[in-house]
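Data block below; observations after.
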Amino acid sequence: MSRSMNRIGHLYFDLDHTLWDFEANARAVLWELYEETKLGAVLSVTFDAFLGHYSTVNEALWDRYRLGQLGRDEVRYVRFRDTLTALGMPDSAEKSQLAERLDAEFMHRAPRQTRLVEGAIELLESASVRYRIHILTNGFPDTQNLKIDGSGLAPYIEHRISSADIGVLKPDRRIFLHALRKAGAKRRDALMIGDHLVADIIGARNAGIEAVYFNPEAKPHPEKLRFEVRRLQQIGDIIGV
Ligand SMILES: [Mg+2]
Numbered sequence: 000m001s002r003s004m005n006r007i008g009h010l011y012f013d014l015d016h017t018l019w020d021f022e023a024n025a026r027a028v029l030w031e032l033y034e035e036t037k038l039g040a041v042l043s044v045t046f047d048a049f050l051g052h053y054s055t056v057n058e059a060l061w062d063r064y065r066l067g068q069l070g071r072d073e074v075r076y077v078r079f080r081d082t083l084t085a086l087g088m089p090d091s092a093e094k095s096q097l098a099e100r101l102d103a104e105f106m107h108r109a110p111r112q113t114r115l116v117e118g119a120i121e122l123l124e125s126a127s128v129r130y131r132i133h134i135l136t137n138g139f140p141d142t143q144n145l146k147i148d149g150s151g152l153a154p155y156i157e158h159r160i161s162s163a164d165i166g167v168l169k170p171d172r173r174i175f176l177h178a179l180r181k182a183g184a185k186r187r188d189a190l191m192i193g194d195h196l197v198a199d200i201i202g203a204r205n206a207g208i209e210a211v212y213f214n215p216e217a218k219p220h221p222e223k224l225r226f227e228v229r230r231l232q233q234i235g236d237i238i239g240v
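This is the structure we're talking about:
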């Protein structure tokens, strides 16, 4: 454990892609929907093509959401419609209905999935002995609560802070300051852990909070970071548990 970690008392975890395995959970639901809607036969596309286009469209929409260019409902409405467009389906009433059905089913099923990132429970289990643990997420409280409660994370989590609470998203420093206030933590008591370089890591830094970048794919980046790990297990060494 590094010396300055001694005074840390609060761990703030991002949820999606950090503790809750967003990729694996989304993929499982998309596979169910691909099978049930017979998309392979209807559009002559493989599941990998469906998944690939969906991921590309979805990520681009979320980037725009983070920048405040799109609302939540627009992201929802557009992502499957644009995926079907990318797969070559012409505009029609049938396409709109299919997009709406895919979105409704996805929204219902995805947050009920329970796959966690490898090592998540073990890390929370050992960290909870010494630290107070909170979730700080840009996701929406209704869906994030389903994920936390369904996947076994709940017993370790004291405060669940959502950007929706105050209407600003990470990396806006106000959401980090709100998170500190809510748990009664000081900047120097807190450590943020997340997979998004800008939202989680730069955001925390701008709020004066130390952060650990969870970068499982070792994506290259230009930032000089004090703490970066590829596996959650490595965080135990940083926080001394
Ligand atoms: Mg994340």
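Numbering (the working numbering) for the sequence shown: 0 to 240. Ideal Cβ positions, reconstructed from N, Cα and C, are used throughout, including at glycine. Model, not experiment: these values are computed from the prediction.
* So what's residue 81 in DSSP terms, helix, strand or just coil? -> helix
* To do: Would you kindly report the start and end of the unbroken alpha helix (DSSP H) that includes residue 161?
  => Looking at the DSSP string, residue 161 is not in any alpha helix (DSSP H); the run it does join, the beta strand (DSSP E), is 158 to 161.
* Residues of its chain near residue 186, where Cβ-Cβ distance is below 6 Å and the 5 sequence neighbours each way are ignored -> 207, 208
* To do: State the DSSP-derived secondary structure class of residue 227, mapped to helix, strand or coil.
  => strand
* To do: Report buried or exposed for residue 92, applying the criterion of at least 16 other Cβ atoms within 10 angstroms of its Cβ.
  => exposed
* Asked: Going along the chain, which unbroken runs of the alpha helix (DSSP H) with 4 or more residues stay wholly within the stretch 84 to 111?
  -> 92 to 108
* Go ahead and pull the three-state DSSP assignment for residue 209. => strand
* To do: For ligand 1, enumerate in chain order all residues having a CB closer than 6 Å to any of its heavy atoms.
  => 13, 15, 16, 17, 193, 194, 195
* To do: On the DSSP bridge assignment, give the partners of residue 4 in chain order.
  => Answer is none; residue 4 lacks a bridge partner.
* **residue 33 - containing alpha helix (DSSP H), residue span** => 21 to 35
* **alpha helix (DSSP H) runs contained entirely in the stretch 112 to 156, provided each spans 4 or more residues** => 119 to 126, 140 to 149
* Among residues of its own chain, excluding the 5 on either side of residue 109, which ones have a beta-carbon nearer than 7 Å to its beta-carbon? -> 24, 25, 28
* Identified DSSP bridge partners for residue 193 -> 212
* Asked: Can you tell which of 125, 76, 94, 85 has its C-alpha closest to the C-alpha of residue 102?
  -> 76
* Closest by CA to residue 203, which one among 12, 4, 8? -> 12
* Anticipated Cβ contact below 8 Å, residue 224 with residue 192, distance rounded -> Not really, about 12 Å apart at Cβ, beyond 8 Å.
* **Buried or exposed by the 16-neighbour rule on C-beta atoms within 10 Å, applied to residue 40** => exposed
* Asked: If you compare alpha carbons, which of 42, 10, 9, 14 is closest to residue 139?
  -> 14
* Asked: Can you give the beta carbon distance from residue 81 to residue 56, rounded, assuming they're within the 8 Å contact cut?
  -> 5 Å
* Can you grab the Cα-Cα spacing for the pair residue 4 / residue 105, in whole Å? => 40 Å
* Asked: Contact check, residue 117 vs residue 18 under 8 Å by CB: the rounded distance?
  -> Residue 117 to residue 18, Cβ: 11 Å. No contact.
* What first and last residue would you give for the beta strand (DSSP E) that runs through residue 10? -> 9 to 12
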